[in-house]
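First to last, the sequence lines map onto chains F and Z. Using our numbering, you'd call the opening residue of the first sequence number 1 and step up by one each time. Using our numbering, you'd call the opening residue of the second sequence number 1001 and step up by one each time. From the three backbone atoms N, C-alpha and C, an ideal C-beta is built for every residue, glycine too. Because the structure is a prediction, the values reported are computed rather than measured. Working notes, beginning with the structure itself.
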Amino acid sequence: MTFRKYLVLAGVTVFGAAGDSVLSHGMKQVGNISIHDLPSLIFAVMNPYVAIGILLLLTFIVLNMTALSWADLTYVLPATSMGYVLLALSARFILHEQVSLTRWLGIVLISGGVGFIAGSPALTSHLHGEEQSPLLAAKGAARNGAPSGSPSHPAHAEEVVSSVVEP
Amino acid sequence: MKHAYIWGGILTIAFFSVVGDVLLARAMKQVGDVHALWRSAGLWTVVSRVASNPNIFMGVAAMTVAFFTLLFALSWGDLSLVAPAAASLTFIGNAFAAKIFLHEKVDRRRWIAAVMVAAGVALLAG
């Protein structure tokens, strides 16, 4: 795990937590939405807090997808769950709200869970050859000096090999 | 009746979140390491590989359903109940789904982490 990868996981944590709380604030301003009045959902997006919340959550999704490209789902999810701890700690130390003993126990459990997976390998799943990215398959072939291309994407992989091999 | 709506919403969010997470994780594994891909082939290659993967669209569709259900549920119940309860169920659901559909090695350490985080999130809602 490189520093950049830890930074991506931190970004997932912060943008997820910020998006949830800003969106919640916006939805409280919008008020109750009836299931029979679907168009009012569109108007809810006009609320600036809802709009900013959606933007923050979109950033969260992009960072989350980046993390999922090099780590297991069962690694990324617990690793980024510190967002809940951040929300509770900001409620205590920034908003000076009372945090109950139960919540402190929740914080300890989440932190412990994150600690449990922190030292474990980020990636354990290995996709089959035909499911692998053509680029990575092509890079492997180029590195091994084998004829270019994967069986499932021969023509495309050949192109990619040349783009990888040529400077 | 309001509780039935809230818990129905929470279960729906959790179900579609698990489906979305699994599809996105599968798609991104098929795309490959984004950092390595970006460095070797450029941003456009990353974008085109992501955009041409059908699992991405199905995953985003499932997450969109989860998101709009969250909007409804937030207007009925508090964020402090809806978000942690749905997230808690999603953690457990994802551990099962990742083992079955993504063939991840969910060893004892990861199960303990998933259960601790799910329990911690549930307690934070209390």
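Spatial neighbours of residue i in its chain, beta-carbon cut-off 8 angstroms, leaving aside the 5 residues before and after
i, result
"glycine 1008 of chain Z", "none"
"alanine 1122 of chain Z", "Pro1084, Ala1085 and Ser1088"
"asparagine 1053 of chain Z", "Ala1027, Gln1030 and Val1031"
"isoleucine 54 of chain F", "Gly19, Leu23 and Val45"
"valine 114 of chain F", "Pro78, Ala79, Ser81 and Met82"
Test item: CB-CB of residue i and residue j under 7 angstroms
i, j, result
"alanine 1095 of chain Z", "threonine 74 of chain F", "yes"
"glycine 1120 of chain Z", "leucine 109 of chain F", "yes"
"methionine 1028 of chain Z", "serine 69 of chain F", "yes"
"asparagine 1055 of chain Z", "leucine 1023 of chain Z", "yes"
"isoleucine 1006 of chain Z", "glycine 1077 of chain Z", "yes"
"valine 30 of chain F", "alanine 67 of chain F", "no"
"alanine 1113 of chain Z", "phenylalanine 15 of chain F", "no"
"valine 1046 of chain Z", "tryptophan 1038 of chain Z", "yes"
"serine 120 of chain F", "arginine 1109 of chain Z", "yes"
Closest by C-alpha distance to residue i, when choosing among the options
i, options, result
"methionine 1 of chain F", "Z:Val1018, Z:Asp1033, Z:Ala1014 and Z:Val1046", "Z:Asp1033"
"aspartate 1021 of chain Z", "F:Ser90, F:Ala91, F:Val45 and F:Ile61", "F:Ile61"
"glycine 26 of chain F", "Z:Arg1108, Z:Ser1075 and Z:Lys1002", "Z:Ser1075"
"lysine 1061 of chain Z", "Z:Leu1081, Z:Lys1002, Z:Ala1118 and Z:Val1019", "As written in the sequence, residue 1061 of chain Z is alanine, which differs from the lysine given in the question. For alanine 1061 of chain Z, the nearest C-alpha among the options comes from Z:Val1019."
"lysine 28 of chain F", "F:Pro48, F:Ala17, F:Val12 and F:Val14", "F:Pro48"
"alanine 1118 of chain Z", "F:Leu123, F:Ile33 and F:Ala79", "F:Ala79"
"threonine 59 of chain F", "F:Val12, F:Tyr84 and F:Ser100", "F:Val12"
"valine 1050 of chain Z", "F:Met65, F:Ile54 and F:Leu38", "F:Met65"
"phenylalanine 1068 of chain Z", "Z:Arg1039, Z:His1003, Z:Phe1016 and Z:Lys1002", "Z:Phe1016"
"leucine 1011 of chain Z", "Z:Ala1073, Z:Trp1044 and Z:Trp1038", "Z:Ala1073"
"glutamate 5 of chain F", "F:Trp104, F:Leu95, F:Ser111 and F:Val76", "One point to set straight first is that residue 5 of chain F is lysine, not glutamate, in the sequence displayed. The residue with the shortest Cα to Cα distance from lysine 5 of chain F is F:Val76."
"threonine 1090 of chain Z", "Z:Leu1037, Z:Val1115, Z:Arg1108 and Z:Trp1038", "Z:Val1115"
"alanine 10 of chain F", "F:Leu38, F:Tyr84 and F:Trp104", "F:Tyr84"
Distance cut-off 6 angstroms: residue i Cβ against heavy atoms of the ligand GDP
i, result
"glycine 1020 of chain Z", "This structure does not include the ligand GDP; it has no bound ligands of any sort."
Contact set for residue i: own chain, Cβ-Cβ below 7 angstroms, skip 5 residues either direction
i, result
"valine 1106 of chain Z", "Ala1095, Ala1098 and Lys1099"
"leucine 89 of chain F", "none"
"glycine 145 of chain F", "Only weak support exists for where glycine 145 of chain F lies, its pLDDT of 43 falling under 50; the coordinates are left without a value."
"threonine 1059 of chain Z", "For the record, residue 1059 of chain Z in the displayed sequence is glycine; it is not threonine. Cβ neighbours of glycine 1059 of chain Z beyond the five flanking positions: Gly1020, Leu1023, Leu1024 and Ala1027."
"leucine 56 of chain F", "Phe15, Ala18, Gly19 and Val22"
"alanine 71 of chain F", "Ala122 and Leu123"
"phenylalanine 3 of chain F", "none"
"alanine 1066 of chain Z", "Ile1013, Phe1016, Ser1017 and Gly1020"
"histidine 1003 of chain Z", "none"
"isoleucine 33 of chain F", "Ser40, Leu41 and Ala44"
"glutamate 97 of chain F", "Ala91"
Where the alpha helix (DSSP H) containing residue i begins and where it ends
i, result
"glycine 16 of chain F", "3-30"
"asparagine 1094 of chain Z", "1079-1101"
"asparagine 1055 of chain Z", "1054-1076"
"glycine 113 of chain F", "101-118"
"leucine 63 of chain F", "48-70"
"lysine 1105 of chain Z", "Run containing lysine 1105 of chain Z: none; DSSP gives neither H nor E here."
"glutamine 98 of chain F", "It is not in any alpha helix (DSSP H) - glutamine 98 of chain F carries neither H nor E in the DSSP assignment."
"histidine 36 of chain F", "Careful: histidine 36 of chain F lies outside any alpha helix (DSSP H) and carries neither H nor E."
"threonine 1012 of chain Z", "1002-1031"
"glycine 83 of chain F", "82-93"
"leucine 77 of chain F", "73-79"
"valine 1046 of chain Z", "1043-1051"
Spatial neighbours of residue i in its chain, beta-carbon cut-off 6 angstroms, leaving aside the 5 residues before and after
i, result
"glutamine 86 of chain F", "Checking the sequence, you will find leucine at residue 86 of chain F rather than glutamine. So the qualifying residues of the chain are Ala17."
"alanine 44 of chain F", "Val30 and Val50"
"methionine 1063 of chain Z", "Gly1020"
"arginine 92 of chain F", "Val99"
"leucine 1070 of chain Z", "Ile1013"
Give, in chain order, every residue of the stretch 30-50 of chain F whose Cβ lies closer than 8 angstroms to some Cβ of chain Z. Val30, Gly31, Asn32, Ile33, Ile35, Leu41 and Ala44
Output, in sequence order along the chain, the residues in the stretch 1101-1113 of chain Z whose CB is closer than 7 angstroms to any CB in chain F. Leu1102, His1103, Glu1104, Lys1105, Val1106, Arg1109, Arg1110, Ile1112 and Ala1113
When you check each C-beta in the stretch 51-81 of chain F against every C-beta of chain Z, which residues fall closer than 7 angstroms? Met65, Thr66, Leu68, Ser69, Trp70, Asp72, Leu73, Thr74, Leu77, Pro78 and Ser81
What residues in the stretch 1062-1074 of chain Z bring their beta carbon closer than 9 angstroms to a beta carbon of chain F? Met1063, Phe1067, Phe1068, Leu1070, Leu1071, Phe1072 and Leu1074
Please list, in chain order, the residues of the stretch 94-110 of chain F that have any C-beta partner in chain Z closer than 8 angstroms. Ser100, Thr102, Arg103, Leu105, Gly106, Ile107, Val108, Leu109 and Ile110
Short of 7 angstroms Cβ to Cβ, which residues in the stretch 1086-1097 of chain Z face chain F? Phe1091, Asn1094 and Ala1095
Please name the residues in the stretch 1024-1040 of chain Z whose beta-carbon is closer than 9 angstroms to at least one beta-carbon of chain F, in chain order. Leu1024, Ala1025, Arg1026, Ala1027, Met1028, Lys1029, Gln1030, Val1031, Gly1032, Asp1033, Val1034, His1035, Ala1036, Leu1037 and Ser1040
Near-chain F residues of the stretch 1007-1023 of chain Z (beta-carbon distance less than 8 angstroms), N- to C-terminal order: Asp1021 and Val1022
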